[in-house]
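Structure first, commentary second.
Now the structure itself:
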């Protein structure tokens, strides 16, 4: 009798415990392991940094597990409320947010929160819901409405100012619009319009943002000032050679030439110590992560799930591409972390939530099939 009770208890608990998609979880755990190894070296002069990274990983794991339990149908019902709350909080930040380091990005509600992080997931949720409602009835004006829904939070975030987050939210929404059937003609038109508006965008930029662009174009113009950090980052990446200088032996990192080496510039530390071979291994992990996400999107049973899974996967791609390009001197420094590698609680929670949603879509597709 007790054996039957134990079996019955396991059968009841099994659906709640075995919720992870094995291929996706394996890639994420390998990235997390790589992060810990790199963080141990990069954070050697930062007491408590490795413990903090472990804490962030545990929180992200719990968030991922919880998100994997939520059916896509429930996510679809929550899309509009989450988007509405997110935009409301952004307006509240604009009106009476907390200013730190010259930027108004936080809202104090007993503790400080950064509402713009919510929009990284709320934006694709909202647009995926919108196009799901328009399934089979998408017209040119549907894309205009979707663009307005995207422009409102992006504009509010840019006013804070927070260029990095606004670009990530813009990308997350654009991916949904593109996957929903935006024509190539319209895409080319948007590209031309964007190029034509560059002078206006330049005039609207803050001084420090213009300085970042000019530093990207010619970092050697001020090698001991504004160009110092990116020059040292490029030196670190190039000095790694084929096999790297060895773990804990990166001179640029341990002599403190690399800025923000545990957060935005952690890739510079990794490339210096593990070289081209390490970079190719890390690149392979990101390609596997993106490939598995696209497979989940392609096999999703509903338009909402396909659009959401595709957008979240491309967000992972955007994080990795922008960060690696940024620290390599290809793109301006905009404060985008390397996914599942850089230190940071908020970014880990957002990434864990995104991964959990992908696992939920895959899990509930299997449940429907069985």
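In the working numbering, the protein residues as written are 4 to 373.
Even for Gly, the Cβ is constructed at its ideal location relative to N, Cα and C.
In DSSP terms, what residue i is bridged to
i           : result
residue 3   : There is no way to answer for residue 3, as the model of the chain reaches only from 4 to 373.
residue 116 : 110
Cβ distance (whole Å) where residue i is taken to contact residue j below 8 angstroms
i           : j           : result
residue 251 : residue 44  : 5 angstroms
residue 337 : residue 322 : Their Cβ separation, rounded to whole angstroms, is 11 angstroms, which puts residue 337 and residue 322 out of contact at 8 angstroms.
residue 118 : residue 89  : 6 angstroms
residue 152 : residue 360 : Residue 152 to residue 360, Cβ: 19 angstroms. No contact.
residue 362 : residue 101 : The pair is not a contact, with the Cβ atoms about 34 angstroms apart (cut-off 8 angstroms).
residue 282 : residue 330 : Not quite, the Cβ-Cβ distance comes to about 12 angstroms (not below 8 angstroms), so this is no contact.
Sequence-distant residues of its chain with Cβ nearer than 7 angstroms to residue i (five each side left out)
i           : result
residue 265 : 42, 45, 46, 49, 52, 346
residue 320 : 293
residue 358 : 27, 31, 67
residue 63  : 351, 352, 354, 355
residue 275 : 239, 240, 242, 243, 247, 248, 253, 255, 256
residue 184 : 141
residue 343 : 31, 34, 35, 38, 354
residue 58  : none
residue 280 : 245, 246
Euclidean distance between Cα positions of residue i and residue j
i           : j           : result
residue 355 : residue 170 : 20 angstroms
residue 277 : residue 238 : 14 angstroms
residue 38  : residue 116 : 25 angstroms
residue 196 : residue 334 : 21 angstroms
residue 368 : residue 304 : 6 angstroms
residue 374 : residue 199 : Given that the chain is displayed from residue 4 to residue 373, the structure contains no residue 374 and the question cannot be resolved.
residue 156 : residue 93  : 7 angstroms
residue 365 : residue 258 : 45 angstroms
residue 245 : residue 267 : 23 angstroms
residue 373 : residue 74  : Summary for residue 373: the model assigns pLDDT 48, below 50, so the residue's position carries little reliability; its value from the coordinates is reported in the next sentence. Going from the Cα of residue 373 to the Cα of residue 74 covers about 15 angstroms.
residue 143 : residue 194 : 17 angstroms
residue 168 : residue 230 : 23 angstroms
Close-in-space but distant-in-sequence residues of the same chain around residue i (CB under 6 angstroms, 5 per side omitted)
i           : result
residue 273 : 41
residue 131 : 179, 307, 310, 311
residue 260 : 235
residue 4   : In this prediction, residue 4 scores a pLDDT of 46, lower than 50, which makes its location untrustworthy; no coordinate-derived value is stated.
residue 298 : none
residue 108 : 117, 163, 165
residue 232 : 262
residue 86  : 125, 129
residue 332 : 233, 237
residue 145 : 137
residue 348 : 59
Residues near residue i by beta carbon distance below 8 angstroms, same chain, minus five either side
i           : result
residue 150 : 180
residue 288 : 30, 33, 34, 37
residue 127 : 175, 176, 178, 179, 310, 311, 314, 315, 318
residue 190 : 181
residue 106 : 163, 164, 165
- Message: When you compare the stretch 61-70 with the stretch 285-299, are there three or more beta-carbon pairs, one atom per stretch, that lie closer than 8 angstroms?
- Response: They do not touch, by the three-pair rule.
- Inspect the CB distances between the stretch 125-143 and the stretch 74-85 and report whether three or more fall short of 8 angstroms. Yes: the two stretches touch, three or more of their Cβ pairs being nearer than 8 angstroms.
- Item | Touching by the beta-carbon criterion (3+ pairs, under 8 angstroms), the stretch 154-164 and the stretch 82-102 | Touching, per the Cβ criterion.
- Query: Touch check for the stretch 138-146 and the stretch 116-125: three-plus C-beta pairs under 8 angstroms?
  - Reply: The stretch 138-146 makes no contact with the stretch 116-125: fewer than 3 CB pairs, one atom from each, lie closer than 8 angstroms.
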